[in-house]
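Numbering (my numbering), first residue to last: 1009 to 1294.
Glycine residues also receive a C-beta, built at the ideal position from the N, C-alpha and C atoms.
To keep things clear, I will list the structure first and then write my remarks on it.
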Ligand SMILES: Nc1ncnc2c1ncn2[C@@H]1O[C@H](COP(=O)(O)OP(=O)(O)O)[C@@H](O)[C@H]1O
Ligand SMILES: [Mg+2]
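In structure tokens form, the structure reads like this:
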């Protein structure tokens, strides 16, 4: 992801969204971190501030919370207010990391209000105004004018499994510059962060990384995906080693790839380290 990019974090509940956002808040190099906790459970607020954000780094963080029991108007305002704080720091030339949890709850608050004032529901009970509000909020983040200051933003979006029908998930995917999909299957295996590499995509990667990095990531995805495609056969023992050299490669590299993709809650990794590790995983001999 690039500075000023807006990404969606798509996942069901309890798959590790908050923990992942917390890790970003703790280990980012951003000047200011603005967290908007919108429509989530009230006890998550205390948890996020005390346990996940931690004590030492709170000096550069601003948390705006409008939990689920707050009126819908307050929840909408909360998201807008968090964005306004981020804009304020960006306009002062700061690099801001904006973490919004969650965009779905924001849309649901707008749905409550719109239905109450008599707007007719359209898609899955969401009135048309919900879909107009989403880009209006998301478009406020991004790079500042003339390259001064930036808001790099993560918006969490609730989506259960491969439910592509959810209109908010659909609409968000269209307006964001990329998305990470967290997979429940990975989380159940204890693989954290449970990022589904195959389903996740960045729309600006080719603009922000050098050619070698891009190529390395492409190769990683190709090998990873080859293993996933043959996984069922391999696990029931139906794959005969030697029948496809590329699959043999993927099986050999699989343990290293899986461990490269995991990170514990209190582990930080720099860009340089990660790139070196990725290269080492793909070229184990050198
Ligand atoms: N990186 C991680 N390492 C270990 N456990 C994790 C990690 N991320 C999430 N978990 C586990 O998953 C649980 C749910 O995570 P949470 O971020 O609260 O989910 P969500 O916000 O998606 O509802 C956590 O309480 C923790 O036990
Ligand atoms: Mg959460």
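Touch check for the stretch 1014 to 1030 and the stretch 1172 to 1184: three-plus C-beta pairs under 8 Å?
They touch, by the three-pair rule.
Starting from the Cα of residue 1217, find the closest Cα among 1042, 1290, 1081, 1283 and give me that residue.
Mapped onto the chain shown, residue 1217 falls at position 209. The option with the nearest alpha carbon to residue 1217 is 1283.
Whole-angstrom Cβ separation of residue 1088 and residue 1164, contact assumed at under 8 Å?
For the purposes of this step, residue 1088 is taken as the residue at position 80 of the chain shown. For the purposes of this step, residue 1164 is taken as the residue at position 156 of the chain shown. About 17 Å separates the two Cβ atoms, so there is no contact after all.
Buried or exposed: where does residue 1081 fall if 16 or more other Cβ atoms within 10 Å of its Cβ makes it buried?
On the chain shown, position 73 is the one that residue 1081 refers to. Counting Cβ neighbours within 10 Å, residue 1081 comes out exposed, since fewer than 16 surround it.
Within the present structure, is the beta-carbon of residue 1054 separated from the nearest heavy atom of ligand 2 by less than 7 Å?
Taking the chain shown and counting its residues from 1, one reaches residue 1054 at position 46. Because no heavy atom of ligand 2 lies under 7 Å away, the Cβ of residue 1054 does not count as near it: no.
Is it true that the stretch 1041 to 1058 meets the stretch 1194 to 1211, where meeting means three or more beta-carbon pairs spaced less than 8 Å apart?
No, because fewer than three Cβ pairs between the stretch 1041 to 1058 and the stretch 1194 to 1211 fall closer than 8 Å, the two stretches do not touch.
For the beta strand (DSSP E) containing residue 1298, name the first residue and the last one.
Because the chain here runs from 1009 to 1294, residue 1298 falls outside it and cannot be looked at.
Which of the three DSSP states, helix, strand or coil, is assigned to residue 1084?
Mapped onto the chain shown, residue 1084 falls at position 76. Here residue 1084 sits in helix by DSSP.
Expressed to the nearest angstrom, what Euclidean distance is found between the alpha-carbon atoms of residue 1208 and residue 1187?
Residue mapping note: residue 1208 aligns to position 200 of the chain shown, counting from 1. Residue mapping note: residue 1187 aligns to position 179 of the chain shown, counting from 1. About 6 Å.
Does the separation of the CB atoms of residue 1174 and residue 1190 fall below 8 Å?
Here residue 1174 refers to the residue found at position 166 when the chain shown is read from its first residue. Here residue 1190 refers to the residue found at position 182 when the chain shown is read from its first residue. Not in contact: residue 1174 and residue 1190 (Cβ atoms no closer than 8 Å).
Please give me, in chain order, every unbroken run of the alpha helix (DSSP H) with length at least 4 that falls completely inside the stretch 1021 to 1048.
Within the stretch 1021 to 1048, the complete alpha helix (DSSP H) runs of at least 4 residues are 1025 to 1035.
Output yes or no for whether 8 Å exceeds the beta carbon distance between residue 1012 and residue 1151.
Within the chain shown, numbered from 1, the residue matching residue 1012 stands at position 4. Within the chain shown, numbered from 1, the residue matching residue 1151 stands at position 143. Yes. Within cutoff.
Spell out the partners DSSP gives residue 1018 in its beta bridges.
The residue given as residue 1018 occupies position 10 in the chain shown. Paired residues: 1165, 1189.
For residue 1248, report the span of its alpha helix (DSSP H) as first-last.
Start at 1 with the first residue of the chain shown, and residue 1248 comes out as number 240. Run containing residue 1248: none; DSSP gives neither H nor E here.
In three-state terms, what does DSSP make of residue 1291?
Here residue 1291 is taken as the residue at index 283 of the chain shown, counted from 1. Three-state DSSP puts residue 1291 in coil, outside helix and strand.
In angstroms, rounded to a whole number, what distance separates the CA positions of residue 1057 and residue 1096?
The residue you call residue 1057 lines up with position 49 of the chain shown. The residue you call residue 1096 lines up with position 88 of the chain shown. Taking the straight line joining both Cα atoms gives about 22 Å.
Assuming residue 1103 is part of the beta strand (DSSP E), what are its boundary residues?
Position 95 of the chain shown holds residue 1103. Per DSSP, residue 1103 belongs to the beta strand (DSSP E) from 1103 to 1109.
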